[in-house]
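Presented below is the structure to which this report refers.
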Amino acid sequence: MLKMDQYNQAIDTMYPDGYQRERMFRDSGDMVDPKSAVVAQGVFGRLIAVIGSWQSKRSGRLALRELANEQLHDIGVTREQALREAQKALFSSWLTPPR
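As structure tokens, then:
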């Protein structure tokens, strides 16, 4: 029974709010979605696909800026590398409408 108690404590640490935060991100669409297998057709379809790709890269680059040093170390990135990569996202900031 000790193992089960340890497991429950670990789960409570990972999701202390009972998955509420995960639901919030999932419902807002902030979680990464797998790319569609549908190939864009036509000029406008390809243009929209390119802009979507830029937005996805920009979001990932900006997310690097928010990570703690321990998290960056876990993924093998230094703070300087993360900031350099995040600077690339500022170039395309005009693509995102203000919130």
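For the sequence shown, our numbering gives the first residue as 1087, with consecutive numbering after it.
The beta carbon of each residue, even a glycine, is placed where N, CA and C say it ideally should be.
All values reported here derive from a predicted model rather than from experimental measurement.
* To do: In the DSSP assignment, find the unbroken alpha helix (DSSP H) run with Leu1150 in it and report its ends.
  => 1128–1152
* **Alpha-carbon spacing of Leu1176 relative to Gly1138, whole angstroms** => 16 Å
* To do: Return yes when the Cβ of Ala1172 is within less than 8 Å of the Cβ of Leu1158, no when it is not.
  => no
* **Burial state of Ala1168, where buried means 16 or more other Cβ atoms lie within 10 Å** => buried
* To do: Counting only the same chain and skipping the five closest in sequence on each side, list residues whose C-beta sits under 7 Å from that of Arg1165.
  => Asn1155, Leu1158
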